[in-house]
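Trainee:
In the UniProt record's numbering, the protein residues as written are 1 to 112.
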């Protein structure tokens, strides 16, 4: 178990955009749930928000996962009633400790 394993206090569905053939020579993008890993949501520090502002991006939340969890840039985390887009992932300086995902919150869209 990773060093942060006991701190991961929730599970969050992870969704990824997948491009598939539409059968007519084109392609369409659909969202597929790839897993529901254990995670922890954290508010970013003032320093992290400032760094995001300087990079012209918006940082709303930071999520932590076990190291090696399959979470990538562009994925969506979908806790109940919300959609959180991952815009960056980081491994800490000490390998095998955790995976950090910096995220921005977006309004969920109604799918028909």
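Virtual Cβ for every residue (Gly too), placed ideally from N, Cα, C.
From a predicted model like this one, the values you see are computed outputs, not experimental measurements.
1) Let's see if you can read the secondary structure: which residues bound the beta strand (DSSP E) around residue 88?
2) Which class does residue 21 belong to by DSSP, given the choice of helix, strand or coil?
3) Between which two residues does the beta strand (DSSP E) harbouring residue 55 extend?
4) DSSP on residue 99, reduced to helix/strand/coil?
5) Would residue 100 pass as a contact of residue 66 if the rule is Cβ separation under 8 Å?
6) Restricting to Cα atoms, I'd like to know which of 19, 49, 44, 97 is closest to residue 6.
7) Identify, in the order they occur along the chain, each residue of the same chain with its Cβ nearer than 6 Å to the Cβ of residue 36, setting aside the five sequence neighbours on each side.
8) Within 10 angstroms of the Cβ of residue 32, are there 16 or more other Cβ atoms? Answer buried if so, exposed if not.
Mentor: This is what the structure holds:
1) 83-90
2) strand
3) Note, residue 55: premise wrong, no beta strand (DSSP E); not H, not E.
4) strand
5) no
6) 97
7) 11, 13
8) exposed
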